[in-house]
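This report refers to the structure that appears directly beneath it.
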Amino acid sequence: MRYKGLTVVEILVILSVLALVLTLAGSSLLGFRRQLTLEDAANTLSQDIQTCRTEALSKARNCRIRFTGEHTYVVETGGGSGYTILTSRNLPGFLTISSPTAGSWLEFDPRTVLTPSPGFPTVGPGANAPEIKLTNGSKTLRLVISMVGAVKTVWQ
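Residues in the sequence shown are numbered consecutively from 23, following the numbering used here.
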(Lines of atoms letter the chains of each structure in order from A; the text may use other names.)
(Lines give C-alpha, C1' and ligand atoms only; values in the text may rest on other atoms or scores of the structure.)
Protein backbone atom coordinates (compact mmCIF):
# COMPACT_ATOMS: atom_id res chain seq x y z
CA MET A 23 0.00 0.00 0.00
CA ARG A 24 1.38 3.37 -0.99
CA TYR A 25 0.89 6.52 1.09
CA LYS A 26 -0.24 9.71 -0.55
CA GLY A 27 1.95 12.77 -0.03
CA LEU A 28 5.47 14.02 -0.62
CA THR A 29 8.72 12.58 0.59
CA VAL A 30 11.29 14.67 2.47
CA VAL A 31 13.54 14.70 -0.61
CA GLU A 32 10.72 16.02 -2.81
CA ILE A 33 9.92 18.75 -0.28
CA LEU A 34 13.61 19.77 -0.12
CA VAL A 35 13.82 19.97 -3.92
CA ILE A 36 10.68 22.14 -4.06
CA LEU A 37 12.00 24.43 -1.32
CA SER A 38 15.36 24.75 -3.08
CA VAL A 39 13.74 25.73 -6.37
CA LEU A 40 11.44 28.18 -4.58
CA ALA A 41 14.40 29.77 -2.73
CA LEU A 42 16.30 30.17 -6.02
CA VAL A 43 13.32 31.82 -7.73
CA LEU A 44 12.76 34.19 -4.80
CA THR A 45 16.46 35.14 -4.70
CA LEU A 46 16.48 35.99 -8.41
CA ALA A 47 13.25 37.98 -8.13
CA GLY A 48 14.51 39.84 -5.05
CA SER A 49 17.78 40.92 -6.65
CA SER A 50 15.93 42.04 -9.78
CA LEU A 51 13.51 44.11 -7.72
CA LEU A 52 16.36 45.68 -5.74
CA GLY A 53 18.07 46.77 -8.97
CA PHE A 54 14.78 48.18 -10.27
CA ARG A 55 14.23 50.07 -7.00
CA ARG A 56 17.75 51.57 -7.18
CA GLN A 57 17.08 52.72 -10.75
CA LEU A 58 13.77 54.34 -9.74
CA THR A 59 15.49 56.12 -6.84
CA LEU A 60 18.13 57.44 -9.25
CA GLU A 61 15.43 58.71 -11.62
CA ASP A 62 13.56 60.31 -8.71
CA ALA A 63 16.71 62.13 -7.54
CA ALA A 64 17.36 63.38 -11.09
CA ASN A 65 13.75 64.64 -11.36
CA THR A 66 14.03 66.40 -7.99
CA LEU A 67 17.28 68.10 -9.02
CA SER A 68 15.72 69.13 -12.35
CA GLN A 69 12.74 70.62 -10.52
CA ASP A 70 15.07 72.46 -8.13
CA ILE A 71 16.93 73.95 -11.10
CA GLN A 72 13.62 75.15 -12.59
CA THR A 73 12.49 76.48 -9.20
CA CYS A 74 15.77 78.37 -8.85
CA ARG A 75 15.31 79.93 -12.28
CA THR A 76 11.75 80.97 -11.41
CA GLU A 77 12.90 82.35 -8.06
CA ALA A 78 15.55 84.50 -9.76
CA LEU A 79 13.00 85.88 -12.22
CA SER A 80 10.13 86.48 -9.79
CA LYS A 81 12.17 87.92 -6.89
CA ALA A 82 14.68 89.84 -9.05
CA ARG A 83 17.69 88.38 -7.23
CA ASN A 84 20.24 85.72 -7.97
CA CYS A 85 19.47 82.10 -7.20
CA ARG A 86 21.94 79.24 -7.31
CA ILE A 87 22.29 75.51 -6.82
CA ARG A 88 25.48 74.85 -4.83
CA PHE A 89 26.85 71.32 -4.52
CA THR A 90 28.06 70.76 -0.97
CA GLY A 91 29.18 67.13 -1.11
CA GLU A 92 28.85 63.80 -2.91
CA HIS A 93 25.29 63.38 -1.64
CA THR A 94 24.13 66.96 -0.96
CA TYR A 95 23.27 70.27 -2.56
CA VAL A 96 21.47 73.47 -1.55
CA VAL A 97 19.30 76.01 -3.34
CA GLU A 98 20.25 79.55 -2.29
CA THR A 99 19.15 83.10 -3.08
CA GLY A 100 21.06 86.31 -2.64
CA GLY A 101 24.10 87.88 -4.16
CA GLY A 102 27.51 89.30 -3.42
CA SER A 103 26.73 90.20 0.21
CA GLY A 104 25.53 86.73 1.09
CA TYR A 105 23.14 83.90 0.29
CA THR A 106 20.16 82.46 2.12
CA ILE A 107 19.42 78.73 1.87
CA LEU A 108 15.94 77.99 0.52
CA THR A 109 16.23 74.21 0.27
CA SER A 110 18.78 71.63 1.32
CA ARG A 111 18.75 68.19 -0.31
CA ASN A 112 20.37 64.91 0.78
CA LEU A 113 20.45 62.05 -1.70
CA PRO A 114 20.08 58.47 -0.46
CA GLY A 115 23.43 57.01 0.62
CA PHE A 116 23.94 54.79 -2.42
CA LEU A 117 23.43 57.71 -4.86
CA THR A 118 26.28 60.09 -5.54
CA ILE A 119 26.82 63.29 -7.46
CA SER A 120 29.87 62.16 -9.40
CA SER A 121 30.21 65.47 -11.22
CA PRO A 122 30.50 68.39 -10.36
CA THR A 123 32.64 68.49 -7.23
CA ALA A 124 31.65 70.03 -3.90
CA GLY A 125 31.78 73.82 -3.96
CA SER A 126 30.66 74.10 -7.60
CA TRP A 127 27.48 75.98 -8.40
CA LEU A 128 25.01 77.01 -11.10
CA GLU A 129 23.57 80.51 -10.74
CA PHE A 130 20.66 82.28 -12.40
CA ASP A 131 20.58 86.07 -12.44
CA PRO A 132 17.27 88.04 -12.46
CA ARG A 133 17.26 87.88 -16.28
CA THR A 134 17.47 84.06 -15.84
CA VAL A 135 20.84 83.79 -17.54
CA LEU A 136 22.67 80.72 -16.24
CA THR A 137 26.27 81.09 -15.08
CA PRO A 138 28.22 78.05 -13.86
CA SER A 139 31.13 78.29 -11.43
CA PRO A 140 34.61 78.26 -12.99
CA GLY A 141 35.59 74.72 -13.95
CA PHE A 142 32.01 73.41 -13.86
CA PRO A 143 31.87 70.30 -16.09
CA THR A 144 30.28 70.70 -19.51
CA VAL A 145 28.97 68.24 -22.07
CA GLY A 146 32.19 68.27 -24.08
CA PRO A 147 35.14 70.35 -25.16
CA GLY A 148 34.03 73.76 -26.36
CA ALA A 149 30.43 73.15 -25.24
CA ASN A 150 28.69 75.67 -23.02
CA ALA A 151 26.03 73.35 -21.59
CA PRO A 152 26.77 72.47 -17.95
CA GLU A 153 26.41 68.80 -17.03
CA ILE A 154 25.60 67.07 -13.73
CA LYS A 155 26.14 63.32 -13.28
CA LEU A 156 24.22 61.23 -10.76
CA THR A 157 25.10 57.57 -10.23
CA ASN A 158 23.84 54.63 -8.18
CA GLY A 159 27.02 52.62 -8.71
CA SER A 160 25.82 50.68 -11.74
CA LYS A 161 23.92 53.29 -13.77
CA THR A 162 24.61 56.96 -14.42
CA LEU A 163 22.19 59.73 -15.36
CA ARG A 164 23.47 62.93 -16.94
CA LEU A 165 21.54 66.17 -16.55
CA VAL A 166 22.44 68.61 -19.33
CA ILE A 167 21.33 72.18 -18.60
CA SER A 168 20.81 74.77 -21.32
CA MET A 169 21.74 78.40 -20.71
CA VAL A 170 18.06 79.21 -20.10
CA GLY A 171 17.63 76.44 -17.55
CA ALA A 172 15.99 73.68 -19.59
CA VAL A 173 17.15 70.29 -18.30
CA LYS A 174 17.62 67.24 -20.49
CA THR A 175 18.12 63.83 -18.83
CA VAL A 176 20.39 61.34 -20.62
CA TRP A 177 21.22 57.75 -19.57
CA GLN A 178 24.88 56.96 -19.84
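The beta-carbon is built from N, C-alpha and C at its ideal position, and this holds for glycine as well. These numbers come from a predicted model, not from an experiment.
- In chain order, Leu-165 place their CB closer than 6 angstroms to the CB of Ile-154, counting only its own chain and leaving out the 5 sequence neighbours on each side.
- DSSP places Phe-116 in the coil class of the three-state scheme, outside both helix and strand.
- Your pair Thr-76 and Val-96 does not check out as a contact, with CB atoms roughly 17 angstroms apart and the cut at 8 angstroms.
- With 16 or more other Cβ atoms from the protein chains shown falling within 10 Å of its own Cβ, Tyr-105 counts as buried.
- In the three-state reduction of the DSSP assignment, Val-135 falls in the coil class, being assigned neither a helical nor a strand state.
- Cβ atoms of Trp-127 and Arg-86 come within 8 angstroms of each other, at about 5 angstroms.
- Secondary structure within the region 141-173: not one fully enclosed alpha helix (DSSP H) run of 4 or more consecutive residues is present.
- Taking a C-beta distance under 7 angstroms as the contact criterion, Leu-136 and Gly-171 qualify as a contact pair.
- In the structure shown, Leu-108 falls within a strand segment according to DSSP collapsed to helix, strand and coil.
- When DSSP states are grouped into helix, strand and coil, Gly-53 belongs to the helix group.
- Per the DSSP secondary-structure output, Gly-100 pairs in a beta bridge with Asn-84, Tyr-105.
- Excluding its 5 nearest sequence neighbours in each direction, Pro-143 has C-beta neighbours in its own chain below 6 angstroms: Ser-121, Pro-122, Glu-153, listed in chain order.
- Between the beta-carbon of Ala-63 and that of Leu-113 there is about 5 angstroms, and that keeps the pair under the 8 angstroms contact cut.
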